[in-house]
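As structure tokens, the structure follows; a few thoughts come after it.
There are 2 protein chains.
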Amino acid sequence: MDIKTAEKTYRDYMRRLRAYSHAMGVMTYDKVTAAPRGAEARVSESLEVLNEASYRIEMSKELSDAVDLLYDRREELDPKTKREIEVYRRGIDYVRSIPEDEYIAYMALTNEASDVWRRAKEENDFASFLPYLQKIFDTNRKFALYYKPDCDPYDTLLDFYERGLTSARCDAFFGRLKEELIPLIARVSAAEPIDDGFMHARFPVETQRKLSDYLMEVMAIDRGRCAIGETEHPFTENFGKNDVRITTHYYEDDLTDSMYSVVHEGGHALYELGSGDEYEGTVIAGGASMAMHETVSRFYENIVGRSEYFCRLIFPRVYELFPDVFSGVTAEQFYRACNVSAPSLIRTAADELTYPLHIIVRYEIERDMIAEKYTAAQIPEVWRRKYKEYLGVDVPDDTRGVLQDSHWSGGSVGYFPTYALGSAYGAQIYSVMSREFDVGEAIMTGSTARINGWLGEHIFRHGAMYDPDTLFKMCTGEEFSPEYYISYLKEKYSRLYALK
Amino acid sequence: MDIKTAEKTYRDYMRRLRAYSHAMGVMTYDKVTAAPRGAEARVSESLEVLNEASYRIEMSKELSDAVDLLYDRREELDPKTKREIEVYRRGIDYVRSIPEDEYIAYMALTNEASDVWRRAKEENDFASFLPYLQKIFDTNRKFALYYKPDCDPYDTLLDFYERGLTSARCDAFFGRLKEELIPLIARVSAAEPIDDGFMHARFPVETQRKLSDYLMEVMAIDRGRCAIGETEHPFTENFGKNDVRITTHYYEDDLTDSMYSVVHEGGHALYELGSGDEYEGTVIAGGASMAMHETVSRFYENIVGRSEYFCRLIFPRVYELFPDVFSGVTAEQFYRACNVSAPSLIRTAADELTYPLHIIVRYEIERDMIAEKYTAAQIPEVWRRKYKEYLGVDVPDDTRGVLQDSHWSGGSVGYFPTYALGSAYGAQIYSVMSREFDVGEAIMTGSTARINGWLGEHIFRHGAMYDPDTLFKMCTGEEFSPEYYISYLKEKYSRLYALK
């Protein structure tokens with residue numbers, strides 16, 4: 014095979030694989046947004062068929078040969094194609110390292126585990142989920158060792174989700190956070206609480222939908238390429254840069270939950286929408302990594318969205334939509350109410366300050382499970398102990414404890430740290446951005462367009478052309494340091510809670 | 014291959030093919046309900062890939078051999094499997110009779126033609142669509158002759174959509190309709206018009222959504238297995254009997270449009286939801302034919318939904334939702350307003366009485382095009398002439414003329430007659446049902462459950478176990494006669510318009 018033929022073969026296969034992942038993505042999205050409950054069994058069956066067909070295409074010798082040839086001769090390729098091959102090969106190298114029957118069995122396991130987990134969570138029945146959880150950790154460990162026999166398996170898993178991440182880096186980062194945040198949280202908890210009584214009201218779903226439209230407009234999200242749906246848990250999905258979906262969940266008794274879901278997922282959407290046209294349809298399209306994606310989404314949610322500027326900007330519209338609720342309330346009171354902090358049980362409902370501690374609990378458990386320091390049966394107890402120690406809260410049951418997240422049941426081990434890393438990246442980027450222009454003033458002019466432009470230029474347009482480390486340094490001109498994040502949180506919450 | 018192996022092979026292939034058609038169906042549904050506009054190009058690409066993959070699976074020698082063996086030895090099979098093989102083989106026999114390159118080229122042609130048609134309709138530009146339309150008619154003719162060289166090609170096409178239907182049967186049926194309905198329509202047009210002035214009001218979409226929920230409740234549609242979406246044109250889709258979707262379109266200035274879309278599509282849904290469990294996942298699941306499906310949907314829409322009983326049943330809720338509009342209006346006035354009849358240009362907006370004439374125009378054009386009596390370039394002129402002759406209306410442009418329907422652009426030639434046949438079937442079934450119980454009284458008790466039960470027993474549960482002719486005779490105990498339909502329309506409209 015010559016290099017031209019190999020490239021053509023690679024592109025033909027990518028086109029086919031893209032169609033399968035597109036179809037499976039849409040079916041999954043449809044299942045949680047539009048389908049009736051009855052759809053589930055058939056969807057599982059169809060996903061199984063398509064997943065296997067896609068796996069067979071991906072594992073075909075013709076594609077493997079083409080990719081290997083292109084990889085060996087990658088210095089002859091243009092930079093974009095070279096990067097595509099590097100990124101793609103990294104993905105299949107992992108899959109190719111695993112015996113076929115084990116890989117297929119693992120797909121079936123996680124499929125089943127997701128259903129078992131859902132029921133276990135509903136019924137607070139950790140015992141039923143336990144054997145699956147143990148098997149998922151064991152398999153992740155085994156697969157990591159297949160892929161890189163000489164590497165620490167948890168490092169391999171971290172690197173899989175976030176190129177270049179290691180447990181040494183995580184330990185250093187999370188160590189600093191614990192040092193600073195645990196005492197800060199304790200001081201905030203002891204301070205005079207923020208009055209958010211006016212937020213305990215009814216917010217009709219139809220009106221909240223109008224607020225979502227307004228927020229997407231404020232964020233300058235192109236609705237011709239981005240739709241919004243409603244799901245149990247909010248998320249962002251995309252099928253190329255011209256078809257991005259965000260979802261939210263409306264609660265009649267809570268305004269900020271959906272509001273900040275829309276802003277958070279809207280951030281993910283802006284990243285996908287801003288990916289370079291030249292990468293469309295390739296493995297380079299979209300975000301550089303999970304952590305870079307969380308960097309962007311948390312930047313919009315917290316640094317922008319929970320800022321006083323943003324709250325002042327949107328308050329007139331919020332007031333107009335819910336005049337009875339906000340009669341007599343000032344924009345500043347609204348801002349403060351959007352930033353109430355209190356240790357809690359549920360990660361996804363946590364405020365900006367306590368959030369990273371939820372991640373640290375999960376990180377430490379993952380790391381120690383992969384190191385076989387304990388077994389899955391011990392996780393609930395470890396979970397309780399760490400929540401008490403870091404956040405001072407008592408975990409009353411596993412539903413609000415170890416069973417709350419879907420990640421492990423879906424097979425994602427090594428993914429959680431990217432959430433916290435993203436917040437810290439964002440604080441550093443905010444500091445760099447602020448040297449160039451007044452971010453608050455930019456927000457007050459009526460939309461986040463200037464911020465979108467800056468992030469678009471420095472991050473979005475590059476897709477996955479660079480490893481996240483490299484991109485972060487290109488963007489900030491610096492090495493990563495957690496100190497920006499710590500300063501940002503200290504300053505914000507000291508002011509909000511008038512800490513001395 | 015022995016018969017057991019052949020059956021296993023057949024079932025394995027069916028499972029795979031089901032997954033592909035499921036995926037393509039969901040992507041198409043998602044595209045028109047939830048996706049942003051930007052999704053289109055990628056969806057087309059993915060559908061092309063999956064369509065071709067599915068075609069390759071369907072045409073594989075292994076499946077062909079298994080099906081042929083099972084067909085040859087069908088007398089050894091249980092009745093259900095025997096029927097499956099007969100139905101499935103009929104479908105692939107058609108596809109197998111067409112040279113592969115021509116079949117694939119035709120799929121591409123209709124794909125492209127759909128886009129060209131959409132633009133042509135928007136811009137009233139028949140000329141741009143003309144070459145596609147000619148090619149579609151030519152190809153349908155050619156394919157029909159590949160499949161059955163000795164048959165009249167239009168009869169082959171009719172039979173394809175409605176087993177047993179011929180142009181001789183259509184000519185006889187439509188001839189009677191023209192004889193009776195053209196003068197009846199003229200008399201109605203000359204009569205004192207029904208006062209429906211109160212219907213010219215604003216009906217907020219949020220409130221109409223509540224009415225849809227209520228109508229689905231009245232029709233006893235299981236929402237755990239049937240969801241409702243919003244699209245430009247209403248339709249029903251299903252992915253098995255546990256995942257049925259209906260759609261509607263809300264117009265702020267028109268209440269009955271969406272109301273009767275929901276009732277019509279709700280009828281299709283009930284048919285799918287009522288298909289026998291034992292057929293689930295096979296080619297026998299779902300409706301017996303297109304005409305039987307339209308029989309059911311039009312039965313609910315017109316015979317049930319536009320009856321005085323149904324209008325009286327739902328009026329209190331309609332009143333409650335739109336109190337300002339219906340203040341001072343009686344249930345009888347509401348019923349009459351739901352049944353205004355007037356010759357018009359657009360098939361989908363036509364009333365119950367004038368509707369069949371719209372079909373006759375299309376039928377006659379299809380039949381004569383396949384007989385090569387004229388070319389596609391002449392269709393607009395023929396269209397205008399027939400609309401004037403049958404309905405007395407002048408067609409001002411092709412957008413409201415030949416370009417209004419999507420069917421031909423999608424390659425469906427021979428499909429239109431099933432719409433009118435369904436209405437006539439329904440009237441005869443209504444007559445038979447009325448001998449068993451008082452249908453009006455059943456509706457007045459609060460839901461259509463008793464009607465659902467009767468149709469479920471006689472039609473729904475059988476799926477496609479019987480050819481539509483056979484099923485119709487089983488259900489009514491009689492041969493089909495258009496006279497029931499003619500009497501029904503004469504009686505209803507004579508009373509509504511006080512004709513002498």
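Listed in order, the protein sequences are those of chains A and B.
Residue 513, in this note's numbering, is where the first sequence stops; the numbers in between run on with no holes.
Residue 513, in this note's numbering, is where the second sequence stops; the numbers in between run on with no holes.
Ideal placement from N, C-alpha and C gives every residue a C-beta, glycine not left out.
Note that the structure is predicted; figures quoted are calculated from it, not measured.
How is the beta strand (DSSP E) around residue i delimited, first residue to last?
i, result
"Gly6 (chain A)", "Examination of residue 6 (chain A) is not possible in this model, given that chain A is present from 14 through 513 alone."
"Asn251 (chain A)", "249-251"
Is there a C-beta anywhere in chain B that falls below 7 Å from the one on residue i?
i, result
"Leu76 (chain A)", "no"
"Gly237 (chain A)", "yes"
"Arg29 (chain A)", "yes"
"Arg222 (chain A)", "no"
"Asp85 (chain A)", "no"
"Arg55 (chain A)", "yes"
"Glu548 (chain A)", "Nothing in the structure corresponds to residue 548 (chain A), since chain A is present only between 14 and 513."
"Val39 (chain A)", "yes"
"Glu219 (chain A)", "yes"
Answer yes or no: does any C-beta atom of chain A fall closer than 7 Å to that of residue i?
i, result
"Gly287 (chain B)", "no"
"Leu63 (chain B)", "yes"
"Val45 (chain B)", "no"
"Gly253 (chain B)", "yes"
"Ala240 (chain B)", "yes"
"Pro49 (chain B)", "yes"
"Glu59 (chain B)", "Inspection of the sequence shows that residue 59 (chain B) is occupied by Ser rather than by Glu. Closer than 7 Å to some Cβ of chain A, the Cβ of Ser59 (chain B) qualifies, so yes."
"Glu99 (chain B)", "no"
"Ala32 (chain B)", "yes"
"Asp256 (chain B)", "yes"
Would you mind sorting residue i into buried or exposed? The rule is 16 or more other CB atoms within 10 Å of its CB.
i, result
"Asn153 (chain B)", "buried"
"His246 (chain A)", "exposed"
"Gln570 (chain A)", "The question about residue 570 (chain A) has no answer, for chain A in this structure spans 14 to 513."
"Phe187 (chain B)", "buried"
"Arg356 (chain B)", "Rather than Arg, the amino acid found at residue 356 (chain B) in this sequence is Pro. Looking at its Cβ environment, which holds 16 or more other Cβ atoms inside 10 Å, Pro356 (chain B) is buried."
"Asn465 (chain A)", "buried"
"Leu63 (chain B)", "buried"
"Ser288 (chain B)", "buried"
"Arg29 (chain B)", "buried"
"Thr22 (chain A)", "buried"
"Glu365 (chain A)", "buried"
"Ser180 (chain B)", "buried"
"Ser225 (chain A)", "buried"
Pick helix, strand or coil for residue i, following the three-state DSSP scheme.
i, result
"Arg236 (chain B)", "coil"
"Thr458 (chain B)", "coil"
"Ile372 (chain B)", "helix"
"Val338 (chain A)", "helix"
"Tyr227 (chain B)", "helix"
"Arg87 (chain A)", "helix"
"Thr261 (chain B)", "strand"
"Asp290 (chain A)", "helix"
"Asp267 (chain B)", "strand"
"Ile207 (chain B)", "coil"
"Glu402 (chain A)", "helix"
"Pro217 (chain A)", "coil"
"Trp421 (chain A)", "coil"
"Tyr348 (chain B)", "helix"
"Pro510 (chain B)", "First, the residue type needs correcting, since residue 510 (chain B) is Tyr and not Pro in the sequence shown. DSSP places Tyr510 (chain B) in coil when its eight states are reduced to three."
Under DSSP, the alpha helix (DSSP H) around residue i begins and ends at which residues?
i, result
"Val445 (chain B)", "430-449"
"Arg102 (chain B)", "92-109"
"Ala304 (chain A)", "303-311"
"Gly38 (chain B)", "16-46"
"Asp11 (chain B)", "Past the boundaries of the shown model lies residue 11 (chain B); chain B is included only from 14 to 513, so the question cannot be answered."
"Glu65 (chain A)", "53-71"
(message) If we require 4 or more residues per run, which alpha helix (DSSP H) segments fall completely within the stretch 129-198 of chain B?
(response) 139-160, 166-174
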